[in-house]
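The structure appears below as structure tokens.
Structure follows, in structure tokens:
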């Protein structure tokens, strides 16, 4: 994406969009696909499948354990799903059927004014690497017969 405060990665995954979307929309599978290694598990009460307006809480770990509550802000079955946490940074997945599979784009949008504080900490670059690993993990799951 062209905005300097949106980090995106994309790749073709050789599987139908519905199969990929089902994994992303299931917070109980996020620990399987998380390329950052920070997602531990969803908290009790988290829906099994996300939907527009859903709230889901995840146990996380980055040196210390913590909890993040996320809100689904975009949802179009098999095409788009996005959520944000308390800082309003948005994680978005966009899926587009292409010959031989699905183009999957994951983006991290930190355009809120306070997003500038994460730049010196290296978060945008780290998130890009983690997102590439996330797409690789998704591919490994859905491309396996």
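Residue numbers (my numbering): 232 to 376. Every residue, glycine too, gets a C-beta built ideally from N, C-alpha and C. Predicted, not measured: the structure shown is a model, and the values here were computed from it.
Just the C-alpha distance for residue 349 and residue 365, rounded to the nearest angstrom, thanks. Stepping through the chain shown from its first residue, residue 349 is reached at position 118. Stepping through the chain shown from its first residue, residue 365 is reached at position 134. Distance between the alpha carbons of residue 349 and residue 365: 20 Å.
Can you list, in chain order, the residues of its chain whose CB lies under 7 Å from that of residue 278, leaving out five sequence neighbours each side? Counted from its first residue, the chain shown places residue 278 at position 47. The residues are 285, 287.
For residue 369, which option in 235, 262, 306 has the closest C-alpha, if you only look at C-alpha atoms? Sequence index remark: in the chain shown, residue 369 carries index 138 (1-based). Of the candidates 235, 262, 306, the one whose C-alpha sits nearest the C-alpha of residue 369 is 262.
Determine the direct distance from the alpha carbon of residue 327 to that of residue 248, and round the result to whole angstroms. Along the chain shown, read from residue 1 onward, the residue named residue 248 stands at position 17. Along the chain shown, read from residue 1 onward, the residue named residue 327 stands at position 96. The alpha-carbon atoms of residue 248 and residue 327 are separated by roughly 7 Å.
So is residue 297 buried or exposed if we call it buried at 16+ other beta carbons inside 10 Å? In the chain shown, the residue the question calls residue 297 occupies position 66. Within a 10 Å sphere around the beta-carbon of residue 297 sit fewer than 16 other beta-carbons, which makes this residue exposed.
Closest to residue 253 by CA distance: which of 347, 346, 314, 309 is it? Here residue 253 refers to the residue found at position 22 of the chain shown. Taking only the C-alpha atoms, the option nearest residue 253 is 309.
What residues in its chain sit with their C-beta under 7 Å from that of residue 270, if we drop five residues either side in the sequence? Start at 1 with the first residue of the chain shown, and residue 270 comes out as number 39. Cβ neighbours of residue 270 beyond the five flanking positions: 261, 262, 289, 291.
Just to check my reading of the structure: residue 340 and residue 321 have Cβ atoms closer than 8 Å, yes? What is that Cβ distance to the nearest angstrom? For this step, residue 340 is matched to residue 109 along the chain shown. For this step, residue 321 is matched to residue 90 along the chain shown. About 4 Å separates the two Cβ atoms, so the contact holds.
Nearest-angstrom Cα distance between residue 330 and residue 295? As a working note, residue 330 is residue 99 in the chain shown. As a working note, residue 295 is residue 64 in the chain shown. Cα to Cα, the separation comes out at about 43 Å.
Can you check the stretch 254 to 281 for any alpha helix (DSSP H) of at least 4 residues that lies completely inside it and give the ranges in chain order? 261 to 264
Cutoff 7 Å; reference residue 256; Cβ partners in own chain excluding five residues on either side: Position 25 of the chain shown, counting from 1, holds the residue named residue 256. Sequence-distant partners of residue 256 (beyond 5 residues in either direction) whose C-beta falls short of 7 Å from its own C-beta, in its chain, are 280, 281, 312.
DSSP state of residue 365 mapped onto helix, strand, coil: Counting from one through the chain shown, the residue named residue 365 turns up at place 134. Helix.
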